[in-house]
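Asks: One structure, pasted below without further comment.
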Amino acid sequence: MHKNYHGEILQEQKKVKLDLKDRRILSELSENARYSLTSIGKSTNLSKEVVRNRVNNLTEKGVIYGYISEFNWNKLGLLNTKICLKLKSFSDETQIIDQLKKEENIRRIQTCFGHWDLTLMVTTNDIKAYEKTYNKIIRILDRNIFDYLILNQTHEEYLGLKFLIPEKNKIAKRNPGSFHKEFKKPAPEKDYRLDRTDKEVLNILAKDAKISILELSEKINLSTTASFHRVKKLVLHKYILNFFFTGSLSHLGYQWYKVFFRIKSDNETRFISFLRNHPNITWFNKYIGEWNYQISVFTKNDIELSSILKELRTEFKDEIITFEPFLVLNQHKSVPKIK
Numbered sequence: 530m531h532k533n534y535h536g537e538i539l540q541e542q543k544k545v546k547l548d549l550k551d552r553r554i555l556s557e558l559s560e561n562a563r564y565s566l567t568s569i570g571k572s573t574n575l576s577k578e579v580v581r582n583r584v585n586n587l588t589e590k591g592v593i594y595g596y597i598s599e600f601n602w603n604k605l606g607l608l609n610t611k612i613c614l615k616l617k618s619f620s621d622e623t624q625i626i627d628q629l630k631k632e633e634n635i636r637r638i639q640t641c642f643g644h645w646d647l648t649l650m651v652t653t654n655d656i657k658a659y660e661k662t663y664n665k666i667i668r669i670l671d672r673n674i675f676d677y678l679i680l681n682q683t684h685e686e687y688l689g690l691k692f693l694i695p696e697k698n699k700i701a702k703r704n705p706g707s708f709h710k711e712f713k714k715p716a717p718e719k720d721y722r723l724d725r726t727d728k729e730v731l732n733i734l735a736k737d738a739k740i741s742i743l744e745l746s747e748k749i750n751l752s753t754t755a756s757f758h759r760v761k762k763l764v765l766h767k768y769i770l771n772f773f774f775t776g777s778l779s780h781l782g783y784q785w786y787k788v789f790f791r792i793k794s795d796n797e798t799r800f801i802s803f804l805r806n807h808p809n810i811t812w813f814n815k816y817i818g819e820w821n822y823q824i825s826v827f828t829k830n831d832i833e834l835s836s837i838l839k840e841l842r843t844e845f846k847d848e849i850i851t852f853e854p855f856l857v858l859n860q861h862k863s864v865p866k867i868k
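In this text, residue positions in the sequence shown follow our numbering: the first is 530, and each later residue adds one.
This is the structure in structure tokens:
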């Protein structure tokens with residue numbers, strides 16, 4: 530398989546068989562991609578070299594594509610708008626996607642199956658830049674839009690890949706290094722304003738969350754100590770929320786679903802707590818618009834998805850007004866660009 534674009538995830542039919550050690554390694558990398566091979570080895574009772582070989586093998590087989598960062602978009606002062614599109618025709622789909630990839634403000638492109646054929650995430654500095662990008666999208670699709678939906682994102686949260694290993698095999702002891710302590714601490718009361726170098730660091734970590742401090746220091750022309758403290762400060766002040774691996778879990782037999790929800794705001798705290806603790810729910814987003822929540826769910830099949838949705842609908846029967854699931858077929862672009 531050849532990847533043409535950073536963040537591209539193409540669903541593959543070929544399955545990769547993993548043992549518990551592989552799953553534990555992936556679990557560690559999903560919690561913090563900057564964990565060292567040595568620390569992962571200690572958590573999984575493997576040597577550093579064995580961990581390296583297993584990670585390389587998972588990368589060669591397409592389970593791991595790379596390592597990216599989760600940012601606090603609201604704190605960065607950026608607007609995120611989700612655009613869902615239902616197409617009239619698929620004859621020009623490839624050309625449409627290729628043109629959309631070139632648009633800098635479109636940071637995520639996914640093809641789907643369900644009510645929506647194409648979903649985009651547009652990230653801009655202000656409403657004027659969004660309007661300009663929106664008009665470009667309309668020109669690219671020309672008259673091929675059958676239906677569309679626009680949602681303004683207010684929150685995005687990565688929840689990890691808890692489904693990778695059974696509860697009884699969870700790793701009890703967590704690594705305190707790799708900025709793990711800073712992630713767990715509350716943000717300082719006194720805020721920290723970004724400078725040009727901070728933004729440069731964020732853009733580097735966006736595409737390579739596992740870059741060494743030495744290599745980072747060479748790219749930003751600072752000492753290793755200064756570079757380390759830059760990253761530490763960005764994590765502590767919650768500009769960076771996570772480092773994790775990205776890859777194709779279809780290799781492991783999982784299907785990627787997203788589900789829109791419209792729920793009453795009476796008991797959102799309990800709803801969010803449920804999402805954060807469910808092993809198969811990996812992300813959730815909050816929106817202003819027709820839908821106010823979206824979750825990402827990984828399951829082996831439709832039956833498992835149905836079971837999770839029934840669980841949600843039973844637990845929150847008085848809060849959920851309606852919902853809409855759809856299947857993510859491919860992710861053609863995912864670039865967390867900071868301006």
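We put the CB at the ideal spot given by N, CA and C, even for glycine.
Less than 6 Å between C-beta atoms, sequence neighbours within five positions excluded: which residues of the same chain meet that for residue 617?
Replies: Excluding residues within five positions, the ones whose Cβ falls inside 6 Å are 673 and 675.
Asks: On the DSSP letters alone, give me the boundaries of the beta strand (DSSP E) that residue 758 sits inside.
Replies: That residue, residue 758, is in no beta strand (DSSP E); its alpha helix (DSSP H) goes 753-765.
Asks: Spatial neighbours of residue 596 within its chain, please: C-beta separation below 6 Å, excluding the five flanking residues on both sides.
Replies: Closer than 6 Å at Cβ, skipping near neighbours: 562, 738, 739 and 774.
Asks: Kindly provide the ranges of any alpha helix (DSSP H) runs that are 4 or more residues long and lie completely inside the segment 645-696, ordered along the chain.
Replies: Correct list: 656-670.
Asks: Would you list, in sequence order, the uninterrupted alpha helix (DSSP H) runs of no fewer than 4 residues that lie entirely inside the segment 579-653?
Replies: Counting whole runs of 4 or more residues, the segment 579-653 contains the alpha helix (DSSP H) stretches 622-630.
Asks: Would you kindly work out how many angstroms separate the C-alpha atoms of residue 543 and residue 780, rounded to a whole number?
Replies: If I take the Cα positions, the gap works out to 6 Å.
Asks: In the DSSP assignment, what are the bridge partners of residue 854?
Replies: According to DSSP, which records beta bridges pairwise, residue 854 is partnered with 788.
Asks: Please state the DSSP three-state secondary structure of residue 534.
Replies: Model confidence at residue 534 stands at a pLDDT of 44, short of 50, so the residue's coordinates are unreliable and nothing is read from them.
Asks: Let me know the secondary structure DSSP gives residue 574 once reduced to three states.
Replies: In the structure shown, residue 574 sits in coil (DSSP, three-state: anything other than H, G, I, E or B).
Asks: With contact counted as at least three CB pairs below 8 Å, one residue from each stretch, are the segment 568-576 and the segment 712-728 in contact?
Replies: At 8 Å Cβ cutoff, the stretches do not touch.
Asks: What residues are listed by DSSP as bridge partners for residue 812?
Replies: Residue 812 pairs with 687 and 825.
Asks: Pull up the CB-CB distance for residue 788 and residue 838, whole angstroms please, since I reckon it's below 8 Å.
Replies: Yes, they are in contact, since the Cβ atoms of residue 788 and residue 838 sit about 7 Å apart, within 8 Å.
Asks: Measuring straight from C-alpha to C-alpha, what distance separates residue 743 and residue 753?
Replies: Roughly 6 Å separates the two Cα atoms.
Asks: Here's the rule: buried if 16 or more other CB atoms are within 10 angstroms of the residue's CB, otherwise exposed. What is residue 667?
Replies: Residue 667 should be labelled exposed.
Asks: Under 8 Å, with one C-beta from each stretch per pair, do the segment 796-814 and the segment 757-777 reach the 3-pair mark?
Replies: Segments in contact, no.
Asks: In chain order, what residues of the same chain have a beta carbon less than 8 Å from the beta carbon of residue 842, not counting five sequence neighbours either side?
Replies: Result list for residue 842: 849 and 852, in chain order.
Asks: For residue 660, verify whether its CB is less than 7 Å away from any heavy atom of the ligand GDP.
Replies: Looking for the ligand GDP in the displayed structure turns up nothing, as the structure carries no ligands at all.
Asks: Look at the alpha carbon of residue 553 and the alpha carbon of residue 777, and state the distance between them as a whole number of angstroms.
Replies: The alpha-carbon atoms of residue 553 and residue 777 are separated by roughly 17 Å.
Asks: If residue 706 sits next to residue 559, beta carbons under 8 Å apart, how far is it from one beta carbon to the other, in whole angstroms?
Replies: Rounded, the Cβ-Cβ distance is 17 Å, inconsistent with contact.
Asks: Identify whether residue 873 lies in helix, strand or coil by the three-state DSSP scheme.
Replies: Residue 873 is absent from the structure shown; the chain starts at 530 and stops at 868.
Asks: DSSP on residue 849, reduced to helix/strand/coil?
Replies: Residue 849 falls in the strand class under three-state DSSP.
Asks: With burial defined as no fewer than 16 other Cβ atoms inside 10 Å of the residue's Cβ, what is the status of residue 755: buried or exposed?
Replies: So residue 755 ends up on the exposed side.
Asks: On the CB-based measure, 16 or more other CB atoms within 10 Å of its CB, does residue 861 come out buried or exposed?
Replies: Buried, by the Cβ-count rule.
Asks: Could you spell out where the beta strand (DSSP E) holding residue 838 opens and where it closes?
Replies: Unbroken run through residue 838 is the alpha helix (DSSP H), 831-844; no beta strand (DSSP E).
Asks: Tell me whether the beta-carbon of residue 619 lies closer than 8 Å to the beta-carbon of residue 865.
Replies: No, the pair does not count as a contact, with Cβ atoms beyond the cut-off.
Asks: So residue 649 packs on residue 638, CB below 8 Å; how close in whole Å?
Replies: Yes, they are in contact, since the Cβ atoms of residue 649 and residue 638 sit about 6 Å apart, within 8 Å.
Asks: Excluding sequence positions up to five away, which residues of its chain have a Cβ less than 7 Å from the Cβ of residue 489?
Replies: Absent from the structure is residue 489, since the part of the chain shown begins at 530 and ends at 868.
Asks: Check the DSSP bridge columns for residue 772 and list the partner residues they point to.
Replies: Bridge partners of residue 772: 598.
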